[in-house]
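Numbering that gives the first Met the number 0 puts the first residue of the sequence shown at 0, with every later residue one more than the last.
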Amino acid sequence: MFSKILIANRGEIACRVAATAKRLGVSTVAVYSDADREAKHVAVCDEAIYLGGSAPKDSYLKGDAIIAIALETGAQAIHPGYGFLSENADFAQACQDAGLVFIGPSADAIRAMGGKSESKRLMESAGVPLIPGYHGDNQEAQFLQQQADNIGYPVLIKASAGGGGKGMRIVEQSSDFIDLLDSCRREAITSFGNDQVLVEKYALKPRHIEIQVFGDTHGNYVHLFERDCSVQRRHQKVLEEAPAPGVDTAMREAMGTAAIEAARAVDYVGAGTVEFIVEQREDSMNFYFMEMNTRLQVEHPVSEAITGVDLVEWQLLVAAGQPLPKTQNDLAINGHAIEARICAENPDNNFLPATGTLFTYQKPEHSTFNITDVRIDDGVREGDVISPFYDSMIAKLIVHAPTREQALARLDHALAQTRIVGLPNNVAFLRYILNTDSFSKANLDTALIEREQDKLFDQHPLELSTLVVTAIAQQLASEATTQGSDPFSKPTGFRAYSNYTRSFSLVYDEQAYSARISNWYNASCADSKKGSGNLSSFTLVIGKEIANTQDDSNINVAAQTETVYEGQISYDSSDAHNHTLWLEGARINAQSWVNNETVYVFTDSGRDEITLIDIMAHVGEDTAAVGSLKSPMPGQVVAFKVAVGDTVKKGEPLAVIEAMKIEHTITAPTDGVVAELLFAAGDLVADGDELLRIDSESA
Numbered sequence: 000m001f002s003k004i005l006i007a008n009r010g011e012i013a014c015r016v017a018a019t020a021k022r023l024g025v026s027t028v029a030v031y032s033d034a035d036r037e038a039k040h041v042a043v044c045d046e047a048i049y050l051g052g053s054a055p056k057d058s059y060l061k062g063d064a065i066i067a068i069a070l071e072t073g074a075q076a077i078h079p080g081y082g083f084l085s086e087n088a089d090f091a092q093a094c095q096d097a098g099l100v101f102i103g104p105s106a107d108a109i110r111a112m113g114g115k116s117e118s119k120r121l122m123e124s125a126g127v128p129l130i131p132g133y134h135g136d137n138q139e140a141q142f143l144q145q146q147a148d149n150i151g152y153p154v155l156i157k158a159s160a161g162g163g164g165k166g167m168r169i170v171e172q173s174s175d176f177i178d179l180l181d182s183c184r185r186e187a188i189t190s191f192g193n194d195q196v197l198v199e200k201y202a203l204k205p206r207h208i209e210i211q212v213f214g215d216t217h218g219n220y221v222h223l224f225e226r227d228c229s230v231q232r233r234h235q236k237v238l239e240e241a242p243a244p245g246v247d248t249a250m251r252e253a254m255g256t257a258a259i260e261a262a263r264a265v266d267y268v269g270a271g272t273v274e275f276i277v278e279q280r281e282d283s284m285n286f287y288f289m290e291m292n293t294r295l296q297v298e299h300p301v302s303e304a305i306t307g308v309d310l311v312e313w314q315l316l317v318a319a320g321q322p323l324p325k326t327q328n329d330l331a332i333n334g335h336a337i338e339a340r341i342c343a344e345n346p347d348n349n350f351l352p353a354t355g356t357l358f359t360y361q362k363p364e365h366s367t368f369n370i371t372d373v374r375i376d377d378g379v380r381e382g383d384v385i386s387p388f389y390d391s392m393i394a395k396l397i398v399h400a401p402t403r404e405q406a407l408a409r410l411d412h413a414l415a416q417t418r419i420v421g422l423p424n425n426v427a428f429l430r431y432i433l434n435t436d437s438f439s440k441a442n443l444d445t446a447l448i449e450r451e452q453d454k455l456f457d458q459h460p461l462e463l464s465t466l467v468v469t470a471i472a473q474q475l476a477s478e479a480t481t482q483g484s485d486p487f488s489k490p491t492g493f494r495a496y497s498n499y500t501r502s503f504s505l506v507y508d509e510q511a512y513s514a515r516i517s518n519w520y521n522a523s524c525a526d527s528k529k530g531s532g533n534l535s536s537f538t539l540v541i542g543k544e545i546a547n548t549q550d551d552s553n554i555n556v557a558a559q560t561e562t563v564y565e566g567q568i569s570y571d572s573s574d575a576h577n578h579t580l581w582l583e584g585a586r587i588n589a590q591s592w593v594n595n596e597t598v599y600v601f602t603d604s605g606r607d608e609i610t611l612i613d614i615m616a617h618v619g620e621d622t623a624a625v626g627s628l629k630s631p632m633p634g635q636v637v638a639f640k641v642a643v644g645d646t647v648k649k650g651e652p653l654a655v656i657e658a659m660k661i662e663h664t665i666t667a668p669t670d671g672v673v674a675e676l677l678f679a680a681g682d683l684v685a686d687g688d689e690l691l692r693i694d695s696e697s698a
């Protein structure tokens with residue numbers, strides 16, 4: 000076994016590898032960029048060496064610098080994690096040439112299987128079923144379009160060197176092919192440094208099922224069964240589970256055998272994943288080879304959970320020349336596991352990646368990087384910043400239970416106990432998916448999210464308790480700011496049985512509300528049914544508001560129907576975040592945080608965000624500035640699709656912004672003429688920066 004390894008990665012996977020290495024007594028060296036100086040992976044490793052700038056090309060993609068650091072620190076091997084250099088054959092070869100062990104397959108195997116086109120040709124010669132497509136070397140745009148026309152739409156354009164959902168575009172019709180090809184190539188260059196693509200028939204109602212394989216230097220191979228990764232957005236996995244629902248023993252054995260033969264064909268060593276597209280018919284399922292990922296996968300914990308194997312430990316053992324610890328007959332499926340990827344993104348805005356600070360990050364009771372009922376793998380801590388330079392994933396939440404039904408319930412409960420405040424995230428969205436009929440009944444395919452969009456993306460009705468807790472939370476936070484940790488310790492305004500009134504306004508789901516709390520009093524609570532601590536009674540008046548524009552600069556807001564509620568709230572003076580409400584005969588447990596102008600409220604039914612507003616702040620706003628186009632996130636301008644003086648139609652593409660390795664197209668909100676471009680291609684922009692202006696009156 001090695002005495003020291005360098006981990007050529009960051010975030011969650013770097014922490015994951017470090018945890019197993021520490022358990023095995025192997026020292027670890029971390030590398031870090033400017034953005035990651037205070038990152039968790041830097042803290043958990045034994046040594047940490049500065050690598051370069053925040054952009055991946057200036058740090059985590061600098062193979063020569065990483066190898067030099069490994070040699071300088073006395074590391075014997077390099078673990079590439081996933082992403083970055085993990086499937087770079089030149090880097091694997093450079094490690095070997097420098098006398099270092101690359102913890103992964105050989106450079107030849109990566110070249111053969113990491114290149115999607117080459118691997119397809121290899122599998123075709125081996126007789127593995129392939130989905131119809133073009134995997135050749137002719138990359139001329141018109142030729143590729145002709146191939147797509149011959150295959151028949153819809154087709155999938157995929158970066159040949161791709162992975163992780165990057166560099167993929169679905170084309171519905173021939174007229175869209177060239178634009179989407181260009182976009183796919185740009186993203187492929189950014190993510191992988193290679194713009195070669197392949198074109199395939201896009202299967203209808205497909206499932207994404209993959210097989211975890213392992214090989215050693217002694218010619219031994221095993222598979223650790225399958226994972227279903229069909230639930231995806233932006234071609235990236237959201238929920239993964241093992242074993243795959245509906246896969247019988249015969250199909251499992253057939254897929255496992257095919258995966259092992261694929262690995263054996265290139266003398267594969269280490270952890271790899273053979274991915275299949277599974278076509279679902281009424282009476283059968285057919286599988287087709289899609290690609291092989293020559294690295295550890297993000298979703299590897301579900302395979303660990305059902306087999307009891309630490310796959311990172313196996314990687315280290317095999318890389319050190321030892322044989323696989325188990326044979327195929329030693330491996331068996333135990334129970335069911337599901338993984339949820341918690342990401343900084345906005346599901347209601349096309350899953351736009353988000354950046355910001357983890358103001359609050361509370362997790363359910365769990366283990367870290369260990370196989371238990373509830374496991375969390377992450378690379379961040381409360382107070383850390385999610386930057387625009389890397390992937391938006393915050394954490395992976397993995398559960399294991401005897402049955403799928405029990406695993407679903409366990410995951411839903413764990414997500415309900417997860418608290419993230421400070422930036423948009425998909426925790427609530429993940430719970431919505433779990434509770435759809437499609438997922439709960441295992442009616443799985445890659446279009447599940449699109450099929451269930453009416454249930455997943457409709458804003459759920461605001462509970463009255465949410466408004467109440469918001470009002471109370473805001474009072475607690477504002478009073479604590481001015482009076483200290485116990486806002487109720489001061490006599491003014493909170494004298495027992497005194498009349499305390501506060502009025503404010505809220506915006507929720509683009510609807511304005513007014514709220515007024517009065518008859519407020521507090522007293523010591525010793526009621527066994529209502530706990531101990533402080534108990535406050537209140538009268539709450541909620542009014543729905545409408546905004547009437549009188550002219551271009553004045554907004555008049557008038558309250559509509561008001562509803563009066565009376566209730567009580569129990570709270571702990573030392574913790575302004577936890578509340579217990581009694582309202583209309585119901586008991587509601589809730590937590591809330593105030594961050595800037597947003598109140599984040601968590602109840603048993605889910606999470607809500609409500610924005611606090613000052614109505615008068617709208618007066619004087621230029622409501623005619625509809626032609627101002629702003630960046631929806633921090634990122635880099637990839638290209639402008641228009642020039643000053645161009646006439647544009649509503650919905651026409653204007654600019655392309657790249658953030659977190661994903662391209663986002665900005666479209667025209669109205670017909671008009673481009674009046675001004677405020678940035679140039681290659682410029683960095685902040686969230687909300689004005690990109691260009693359109694003169695709608697000149698249209």
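Using N, Cα and C, we set each Cβ at its ideal position, and we do this for glycine too.
Residue i by DSSP, collapsed to three states: which one?
i: cysteine 228; result: strand
i: phenylalanine 288; result: strand
i: arginine 380; result: coil
i: asparagine 149; result: helix
i: isoleucine 609; result: strand
i: alanine 400; result: strand
i: serine 497; result: Confidence at serine 497 is low in this model, with a pLDDT of 47, below 50, so the placement of that residue is unreliable and no value is reported for it.
i: leucine 429; result: helix
i: serine 742; result: The structure shown has nothing for residue 742, since the chain only spans 0 to 698.
i: aspartate 266; result: coil
i: lysine 454; result: helix
i: lysine 395; result: strand
i: serine 182; result: helix
i: threonine 19; result: helix
i: lysine 61; result: coil
i: phenylalanine 683; result: Note on identity: in this sequence residue 683 is leucine, with phenylalanine being the wrong assignment. Strand at leucine 683.
i: methionine 632; result: coil
Between the alpha carbons of residue i and residue j, how many angstroms are there, rounded?
i: lysine 56; j: leucine 580; result: 52 Å
i: threonine 354; j: alanine 64; result: 28 Å
i: glutamine 416; j: threonine 359; result: 13 Å
i: serine 535; j: isoleucine 568; result: 5 Å
i: glycine 584; j: histidine 412; result: 24 Å
i: glycine 421; j: asparagine 594; result: 7 Å
i: serine 302; j: leucine 429; result: 20 Å
i: aspartate 33; j: tyrosine 59; result: 11 Å
i: glycine 218; j: threonine 256; result: 15 Å
i: phenylalanine 368; j: proline 300; result: 8 Å
i: threonine 371; j: isoleucine 48; result: 33 Å
i: histidine 578; j: glutamine 361; result: 16 Å
i: valine 467; j: glutamine 510; result: 16 Å
i: glycine 113; j: glutamate 86; result: 6 Å
i: serine 488; j: aspartate 574; result: Only weak support exists for where serine 488 lies, its pLDDT of 39 falling under 50; the value from the coordinates is given anyway. Between serine 488 and aspartate 574, the C-alpha separation is close to 13 Å.
i: proline 128; j: valine 246; result: 18 Å
i: lysine 325; j: aspartate 607; result: 48 Å
i: glutamate 381; j: alanine 147; result: 48 Å
i: valine 230; j: isoleucine 12; result: 22 Å
i: methionine 615; j: glutamate 449; result: Confidence is the limiting factor: at methionine 615 the pLDDT is only 32, short of 50, which leaves the residue's position unreliable, though a coordinate-based value still follows. For methionine 615 and glutamate 449, the distance between alpha carbons rounds to 40 Å.
i: tyrosine 152; j: glutamate 290; result: 21 Å
i: tyrosine 220; j: leucine 295; result: 16 Å
i: histidine 335; j: alanine 441; result: 13 Å
i: leucine 691; j: valine 398; result: 47 Å
Flag residue i as yes if its beta-carbon sits less than 8 Å from any beta-carbon of chain D, otherwise no.
i: threonine 216; result: In summary, chain D is missing from the structure at hand, where a single protein chain is found.
Quick test of your reading: residue i and residue j, contact by CB under 8 Å. State the CB separation rounded to the nearest angstrom.
i: serine 630; j: glycine 681; result: Not a contact, Cβ separation roughly 14 Å.
i: histidine 134; j: isoleucine 102; result: Rounded, the Cβ-Cβ distance is 29 Å, inconsistent with contact.
i: leucine 407; j: serine 439; result: 6 Å
i: valine 100; j: glutamine 75; result: 6 Å
i: threonine 356; j: threonine 465; result: Rounded, the Cβ-Cβ distance is 24 Å, inconsistent with contact.
- Task: Quick one: which unbroken alpha helix (DSSP H) runs of 4-plus residues sit fully inside the segment 289 to 370? Chain order, please.
- Result: Fully enclosed alpha helix (DSSP H) runs of 4 or longer: 299 to 306 and 310 to 318.
- Is the segment 631 to 644 in contact with the segment 155 to 163, if contact means three or more CB pairs nearer than 8 Å? No, the segment 631 to 644 is not in contact with the segment 155 to 163.
- Message: Count Cβ pairs between the segment 226 to 242 and the segment 338 to 352 that sit closer than 8 Å; are there 3 or more?
- Response: The answer is yes - the segment 338 to 352 touches the segment 226 to 242, with three or more Cβ pairs under 8 Å.
- Message: Quick test of the definition: if touching needs 3 or more C-beta pairs under 8 Å, does the segment 179 to 188 touch the segment 268 to 281?
- Response: No: fewer than three Cβ pairs fall under 8 Å.
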